[in-house]
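Data block below; observations after.
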Amino acid sequence: MERALTVIQAPLMTEKSTTASQFRQYGFKTLLEATKPEIKSAIEQIFKVKVVAVNTILQKGKVKRFKGREGRRSDYKKAIVTLAEGHTIDVGAGL
Numbered sequence: 291m292e293r294a295l296t297v298i299q300a301p302l303m304t305e306k307s308t309t310a311s312q313f314r315q316y317g318f319k320t321l322l323e324a325t326k327p328e329i330k331s332a333i334e335q336i337f338k339v340k341v342v343a344v345n346t347i348l349q350k351g352k353v354k355r356f357k358g359r360e361g362r363r364s365d366y367k368k369a370i371v372t373l374a375e376g377h378t379i380d381v382g383a384g385l
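Residue numbers (the working numbering): 291 to 385.
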């Protein structure tokens, strides 16, 4: 259970992810080295739901400027999780 809590870092709270929740799809920010089976088992352990599919996206960090100097935000991995029929997640209360 401890590993499950570290694999899933935060829910994605965007307009697009809110719309996708109508189709039983939920987005999460995860560890870069997390695999699809790890993400699936973590979601099933934390939220007590049945996961049908996991899609992942590697998001590259943006280049930003601060006081004239260029810096770069960290890369991160997004996971889009599709749940089985009849299962839902209250993302705001889960983590």
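Note that the Cβ used here is the ideal one computed from N, Cα and C, for glycine as well.
On a predicted model such as this, the values are computed, not experimentally measured, just so you know.
Residue of the options minimising C-alpha distance to residue i
i, options, result
"Ala332", "Asp380, Ala310, Val297 and Ile379", "Val297"
"Ala324", "Ser311, Ile347 and Leu302", "Ile347"
"Lys352", "Asp380, Pro327 and Gly361", "Gly361"
"Leu295", "Tyr366, Leu321, Ala343 and Ile379", "Leu321"
"Ser307", "Lys350, Ala369 and Gly376", "Ala369"
Three-state class that DSSP yields for residue i in the structure shown
i, result
"Gly384", "Reliability of the predicted coordinates at Gly384 is poor, the pLDDT of 47 falling under 50, and the value obtained from them is presented with this limitation in mind. The answer is helix: DSSP assigns Gly384 an H, G or I state."
"Thr378", "coil"
Beta-carbon spacing of residue i, residue j below 7 Å
i, j, result
"Lys340", "Ala374", "yes"
"Ile329", "Val342", "no"
Cβ distance (whole Å) where residue i is taken to contact residue j below 8 Å
i, j, result
"Val381", "Pro301", "4 Å"
I'd like the ranges of any beta strand (DSSP E) spanning at least 3 consecutive residues and lying wholly in the stretch 292-362. Correct list: 298-301, 315-320, 341-349, 353-356 and 359-362.
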